[in-house]
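K.L.:
Here it is, the structure, as structure tokens.
Residue numbers (the numbering used here): 1158 to 1514.
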């Protein structure tokens, strides 16, 4: 017999039903999400709210709990590090696959990544957002598929998509929010979810949350503290209270740091809040350290688009921090947009005012 979880949710009718998100994820073949055994609406509209139920696979425990329990059982650090590295790959693959198919999670936190039997799964998609593809270059779900899902689950697609946009600077679990989200940047993107995963990993190995990297007085102070800490490449782990040797996992965690906050050898974390139009220009070779090749190829869809002048006129291509070994892109040549994913970013996050689940 399989263990299952019953989830009941009252949500505003102008929010996206979680069951609809799971439908999209499963129909498009996204890996690393729970199996859904049954789902539906108990009340479609009760004073502006719907009552939804989902019966889904029990996916295990949080990464932090996994690390603690393994140590209690005498599992070696090298085995824990090896398995955690695998979990990071699985979650990264899931997030990139989902976004390439038009779904952004927006609430990656310690409680929303579950591990069991060597498999990590991303759970709790109740604050996810769907993004439709369009002729202007936005990568997402086919609008016809979104129409079908909206009809099946009885929601007004236009109203829901517009409403979800308004939650972009608000949604998330505070201690795992990205620096741009903590500063209230108006749009969310895939790189924000990857940054949240980075903090989940650090928290799993931290001795406690009583440290500069996780101490929350207000959102801006936490963001400023992290920008300062993450610029200390050789000492950032200590400031997140990670005192144990990460062994083979160290390379993966360092790759995530460099991927998110560096342009070549230059630290650019301060640009994430001081420049409202800053776009991350990640080194895809670093991404290979914490996600699979297929996910890296999907990731290319979300790099900033820059104009390229040629003999036949101006064309466009997607940029990266390093386009070939040893060749760093000049940040001054990169186009500046209003999102963290270039023109492919029209997404959001979950509000701290709603509390941590």
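Heads up, the beta-carbon is just placed ideally off N, CA and C, and yes, glycines get one too.
Just so you know, these numbers come straight off a predicted model, no measurement behind them.
Tell me the rounded alpha-carbon separation between residue 1298 and residue 1310.
P.N.:
16 Å
K.L.:
Can you tell me the Cα-Cα spacing of residue 1220 and residue 1358, whole angstroms?
P.N.:
8 Å
K.L.:
Report the residue from 1404, 1410, 1446, 1236 whose alpha carbon sits nearest the alpha carbon of residue 1390.
P.N.:
Its Cα nearest to that of residue 1390, the residue 1410 stands out among 1404, 1410, 1446, 1236.
K.L.:
Give the DSSP-derived three-state secondary structure of residue 1203 in the structure shown.
P.N.:
Three-state DSSP puts residue 1203 in a strand.
K.L.:
Can you give the beta carbon distance from residue 1345 to residue 1261, rounded, assuming they're within the 8 Å contact cut?
P.N.:
7 Å
K.L.:
In terms of DSSP beta bridges, what is residue 1212 paired with?
P.N.:
1163, 1195
K.L.:
Beta carbon of residue 1179, beta carbon of residue 1191: below 9 Å?
P.N.:
yes
K.L.:
So, under 8 Å CB-CB, residue 1362 and residue 1403 are touching, yes? Tell me the CB distance rounded to an integer number of Å.
P.N.:
7 Å
K.L.:
Can you name, in chain order, every residue of its own chain whose Cβ lies under 7 Å from the Cβ of residue 1249, other than the five neighbours on each side?
P.N.:
Here residue 1249 has 1351, 1354, 1447, 1448, 1452 as same chain residues with Cβ atoms under 7 Å from its own Cβ, once five neighbours each way along the sequence are excluded.
K.L.:
Exposed or buried, which one is residue 1524 when buried takes at least 16 other CB atoms within 10 Å?
P.N.:
What is shown of the chain runs 1158 to 1514, which leaves residue 1524 out entirely.
K.L.:
Could you check what DSSP says for residue 1335 in three-state terms: helix, strand or coil?
P.N.:
coil
K.L.:
With DSSP run on the structure shown, which of helix, strand or coil describes residue 1372?
P.N.:
coil
K.L.:
I need the boundaries of the beta strand (DSSP E) containing residue 1278, first residue and last residue.
P.N.:
1276-1279
K.L.:
DSSP state of residue 1272, grouped into three classes?
P.N.:
strand
K.L.:
Does the Cβ-Cβ distance between residue 1348 and residue 1204 come in under 9 Å?
P.N.:
no
K.L.:
Nearest to residue 1303 by alpha carbon, out of 1164, 1281, 1182?
P.N.:
1182
K.L.:
Check whether the Cβ of residue 1208 sits closer than 8 Å to any heavy atom of the ligand MG, and report yes or no.
P.N.:
Ligands displayed in this structure: none; no statement on the ligand MG is therefore possible.
K.L.:
Buried or exposed for residue 1515, going by 16 or more other Cβ atoms inside 10 Å?
P.N.:
The structure shown does not extend to residue 1515, since the chain spans only 1158 to 1514, so no value can be given for it.
K.L.:
Leaving aside the five residues before and after residue 1251 along the sequence, list all residues of the same chain whose C-beta is less than 7 Å from its C-beta, in chain order.
P.N.:
1187, 1188, 1189, 1190, 1279
K.L.:
Thinking residue 1259 and residue 1290 are a contact (beta carbons under 8 Å), I'd like their distance in whole angstroms, please.
P.N.:
In this structure, residue 1259 and residue 1290 form a Cβ contact; the two beta carbons are roughly 7 Å apart against a cut-off of 8 Å.
K.L.:
If you check the beta carbons only, do residue 1162 and residue 1212 fall under 9 Å apart?
P.N.:
yes
K.L.:
Skipping 5 residues on each side, what residues in its chain have a beta carbon closer than 7 Å to that of residue 1244?
P.N.:
Correct list, in chain order: 1220, 1272, 1277.
K.L.:
With a threshold of 8 Å on Cβ separation, who are the neighbours of residue 1168 within its own chain once the five nearest residues in sequence on each side are excluded?
P.N.:
1174, 1175, 1206, 1207, 1209, 1283
K.L.:
According to DSSP, which residues form a beta bridge with residue 1219?
P.N.:
1271
K.L.:
Rounded to the nearest angstrom, what separates residue 1386 and residue 1306 at their Cα positions?
P.N.:
43 Å
K.L.:
Give me, in chain order, the residues of the same chain whose beta-carbon lies closer than 7 Å to that of residue 1488; leave out the 5 immediate sequence neighbours on both sides.
P.N.:
The pLDDT assigned to residue 1488 is 38, lower than 50, so where the model puts this residue is not dependable; a value taken from the coordinates is nonetheless given after this. So the list reads 1420, 1438, once near-sequence residues are dropped.
K.L.:
Across which residues does DSSP place residue 1287 in a beta bridge pair?
P.N.:
Bridge partners of residue 1287 according to DSSP: 1260.
K.L.:
Can you tell me which of 1427, 1281, 1317 puts its alpha carbon nearest to the alpha carbon of residue 1388?
P.N.:
1427
K.L.:
Would you kindly work out how many angstroms separate the C-alpha atoms of residue 1294 and residue 1223, rounded to a whole number?
P.N.:
40 Å
K.L.:
Could you tell me the distance, in whole angstroms, from the CA atom of residue 1239 to the CA atom of residue 1265?
P.N.:
22 Å
K.L.:
Do residue 1519 and residue 1443 have their C-beta atoms within less than 9 Å of each other?
P.N.:
This structure does not reach residue 1519, given that the chain is present from 1158 up to 1514, and the question cannot be answered.
K.L.:
Within a Cβ cutoff of 7 Å, which residues of the same chain sit near residue 1166, ignoring the five residues on either side of it in sequence?
P.N.:
The residues are 1175, 1209, 1283.
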